[in-house]
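Asker: Got a structure for you, written out below as structure tokens; questions coming shortly.
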RNA sequence: GGAGCUGUGGUGUAGUGGCCUAACAUGCCUGCCUGUCACGCAGGAGAUCGCGAGUUCGACUCUCGUCAGCUCCGCCA
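Residue numbers (my numbering): 6 to 606.
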């Protein structure tokens, strides 16, 4: 590098800098060689600027520029000048100017990259992930990471100004029952024992409240060894927050302020406050989801009362059996072909719906193979409940409430997207509150905590813990943005007697509770303040703000759906010596070690 | 654990039983070109069609299996 120092980023140059001597460093975006004149677009994180090499003025630099190729790393010393009349490029931020190169240094050469370094590339994700360092050179990827930084900074500033302390908690923790599968780390010093990577710093942050730290936050990595999705990675980042001496409203209003400020500071978006609040029940009833996307209508309508007495056995028997019948109005879809409707039925079947009854509304009433099972009055009532107009397609599911909600909720989203009902540039934040405290786990034959076992029931519902646990509601809340759960939290139990009732309700006995959470229960006996908190999924938040479809696009080094890293091929094998040191013996049935470590070709 | 989609020169695609000695675009290489900015023009190299079996006289094409990526169900308090 010698004595050269970069003077400017490429993307900042404007006509104000005309006449200035500059030193730029960056990558070759493109070279346009006209024989007697060479243009090089030089790129760095700030953007592009055109560099001109002229043989008449600086022969040596011109000759060197001839050997330059895409992605070479250059240092250019030259003079900024306004481009000759008629040659400005209005599509480029720096398009009014160019840099006349006086001296060129090729700092490094580069192999031809496997894909273009530009926005909107349509390349197999295999290739992008294997060459992630090249993928991350693309401006849209850099913008996402920059946005991520700015969101984190905004949140950190806000919390700091509001008296929160950023406190680190251990990554090497211990496995606890309930919740997701843990990532385990063997302890060399303690043979046969394992640390668990935290699913979240939940227990630590509550202990910090016991310690009197009052207001805590952390932007922290969390780990869950579960199957991946577009919005789920094995390691992800939470904005984790906990405060003492607060109740639900204190937390919700402060968080609204934080979120609103963050949106304003990062993407210039004004979100109206207060955010709407929906009870869990209302969300399920109207949208079939506990994370409703309220950017469009297509709400679910209950026709169980009409269906109960009708002649269509499938409907009436479901209602008799305690189920429900609900429908949505796919407005204007009355012209769907048999195949299109079959596809909708198949779609609903993914969510366990055994069928999909449908009515086509016409000028002369209902067209349906099922119409004969209903009398005029019933048909009229159904149409009016779903606000059916001629040309509409009414779709119904009759089943247990869970299946009805899952299938119609999913169908609603599917149709909303397909029919183009979802507006761009709309950000609908809302709270879902009053979650059930417990959820019955069929497989295990017991109740499990819907949120986590330290979630406080609503005061009025405490007696229900022993009588009808399924009916108890929690002081828990989720924050939802455009149908994506971007955060959730609760007021915690701070009294030992209620905590014990909670453990009892979810079938954790006194001895198990002591073994797994003994330290916590003991801590709670030393003067625990009422407290509560929330955690935001930073990756999901950024994904939505950056308008991406997957959190992989806002994480620098994400993993594939099979939890591997295609760049460094993690997870990898370890040496027998390493295993021996950890007292671990492998017991692998089929795949020999290393079977899956070959590069995708 | 399950369902679906995808896999063809570096990249993106076309080809769906013989017409394929695999096409197109772009990228790459060489030459020419002094105002381009997706520069242009001319020429050239580059693929045993993810992998393995099977069916067939014949497989990029059909079947089965397998691997990889993606989407989803289960799972994820």
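Beta carbons: idealized from backbone N, C-alpha and C, even for Gly.
1) Which runs of the beta strand (DSSP E), 3 residues or longer, sit entirely within the region 312-340?
2) When the Cα atoms are used, what is the spatial distance from residue 541 to residue 156?
3) When the Cα atoms are used, what is the spatial distance from residue 99 to residue 36?
4) Could you work out which residue in 487, 309, 279 is closest to residue 300 when comparing CA atoms only?
5) Hey, is the region 361-371 in contact with the region 423-437, meaning 3+ C-beta pairs nearer than 8 Å?
6) From which residue to which residue does the beta strand (DSSP E) around residue 80 run?
7) I'd like to check one pair, residue 77 with residue 33: are the Cβ atoms closer than 8 Å?
8) In chain order, what residues of the same chain have a beta carbon less than 6 Å from the beta carbon of residue 31, not counting five sequence neighbours either side?
9) I need the straight-line Cα distance from residue 547 to residue 152, nearest angstrom please.
10) Sorted by chain position, which residues of the same chain lie with C-beta nearer than 7 Å to residue 324's C-beta, five sequence neighbours on each side aside?
11) Along the chain, where does the beta strand (DSSP E) that runs through residue 94 open and close?
12) What did DSSP end up calling residue 9 once you bin it into helix, strand or coil?
13) I need the straight-line Cα distance from residue 413 to residue 304, nearest angstrom please.
14) By alpha-carbon positions, which one of 432, 388, 56 ends up nearest to residue 73?
15) Pick out whichever of 562, 289, 259, 306 has its Cα sitting closest to the Cα of residue 411.
16) Would you list the one or two residues that DSSP bridges to residue 362?
17) So, with DSSP's three-state summary, where would you put residue 146?
18) In this structure, what does DSSP give as the bridge partners for residue 537?
19) Going by the beta-carbon positions, is the gap between residue 271 and residue 543 smaller than 8 Å?
20) Reducing DSSP to helix, strand and coil, say where residue 224 ends up.
21) What is the rounded straight-line gap between the Cα of residue 375 and the Cα of residue 408?
22) Report yes or no: do three or more beta-carbon pairs, one from the region 222-232 and one from the region 170-179, lie closer than 8 Å?
23) Is it buried or exposed for residue 601, if we count other Cβ within 10 angstroms and need 16 for buried?
24) By Cβ distance, which residues of its chain are closer than 8 Å to residue 536, with the 5 residues on each side in sequence left out?
25) Measuring alpha carbon to alpha carbon, tell me which of 136, 61, 328 ends up nearest residue 118.
26) Considering just the uninterrupted stretch of the beta strand (DSSP E) at residue 141, what are its terminal residues?
27) Measuring CA to CA, which of 109, 134, 44, 27 is closest to residue 574?
28) Can you tell me whether residue 30 is helix, strand or coil according to DSSP?
29) Taking DSSP as the reference, what is the three-state secondary structure of residue 72?
30) Buried or exposed: which applies to residue 45, given that a residue is buried once 16 or more other Cβ atoms fall within 10 Å of its Cβ?
31) Locate the beta strand (DSSP E) running through residue 101, then write down its first and last residues.
32) Under the DSSP definition of a beta bridge, which residues are partnered with residue 479?
33) If you drop the 5 nearest sequence neighbours on each side, which residues of the same chain put their C-beta closer than 8 Å to that of residue 22?
34) Let me make sure I understand the geometry here. Which of 560, 26, 292 has the alpha-carbon closest to that of residue 146?
35) With distances taken Cα to Cα, identify the nearest neighbour of residue 189 among 65, 352, 231, 464.
36) Can you check which of these residues, 466, 442, 456, 467, is closest to residue 494 by C-alpha distance?
Answerer: The short version:
1) Unbroken beta strand (DSSP E) runs of no fewer than 3 residues, entirely contained in the region 312-340, are found at 329-335, following chain order.
2) For the pair residue 541 and residue 156, the Cα-to-Cα distance works out to about 12 Å.
3) A straight line joining the alpha-carbon of residue 99 with that of residue 36 spans about 17 Å.
4) The candidate whose alpha carbon is nearest that of residue 300 is 487.
5) In the pairwise beta carbon analysis, the region 361-371 is classified as not touching the region 423-437: fewer than three pairs are separated by under 8 Å.
6) Residues 78-87.
7) The answer is yes: Cβ separation under 8 Å.
8) The beta carbon of residue 31 lies closer than 6 Å to those of 15, 47, 48, 49 in the same chain, with the five residues before and after it left out.
9) Just so you know, the alpha carbons of residue 547 and residue 152 end up roughly 7 Å apart.
10) The answer, listed in chain order, is 309, 312, 313, 330.
11) DSSP places residue 94 in no beta strand (DSSP E); its state is neither H nor E.
12) Three-state DSSP puts residue 9 in coil, outside helix and strand.
13) So the alpha carbons of these two residues sit roughly 9 Å apart.
14) Nearest Cα to residue 73 within the set 432, 388, 56: 56.
15) Out of 562, 289, 259, 306, 289 has the C-alpha closest to the C-alpha of residue 411.
16) In the DSSP output, where bridge partners are listed per residue, residue 362 has 401.
17) If DSSP states are grouped into helix, strand and coil, residue 146 belongs with the helices.
18) Residue 537 pairs with 248, 496.
19) Contact: no.
20) In the structure shown, residue 224 sits in a strand (DSSP, three-state: E or B).
21) In this model, residue 375 and residue 408 are separated by some 21 Å (Cα to Cα).
22) When C-beta atoms of the region 222-232 are compared with those of the region 170-179, three or more pairs fall below 8 Å, so the two segments count as touching.
23) Low confidence applies to residue 601: its pLDDT is 38, below 50, so where it sits in the model is not reliable, and the reading given next is rough at best. When all chains shown are included, residue 601 counts as exposed.
24) For residue 536, where only same-chain residues beyond five positions count, the Cβ hits under 8 Å are 211, 214, 247, 248, 249, 250, 251, 496, 497, 499.
25) Measuring from the Cα of residue 118, the nearest candidate turns out to be 136.
26) Looking at the DSSP string, residue 141 is not in any beta strand (DSSP E), and its letter there is neither H nor E.
27) Nearest of 109, 134, 44, 27 to residue 574, Cα basis: 134.
28) In this structure, DSSP gives residue 30 an extended state, which the three-state scheme calls strand.
29) Coil at residue 72, not helix or strand.
30) The residue in question, residue 45, is buried, as its Cβ has 16 or more Cβ neighbours within 10 Å.
31) That residue, residue 101, is in no beta strand (DSSP E); it is neither H nor E in DSSP.
32) Paired residue(s): 462.
33) So the list reads 13, 85, 102, once near-sequence residues are dropped.
34) Nearest C-alpha to residue 146: 560.
35) Nearest C-alpha to residue 189 among 65, 352, 231, 464: 231.
36) It is 456 whose Cα lies nearest to the Cα of residue 494.
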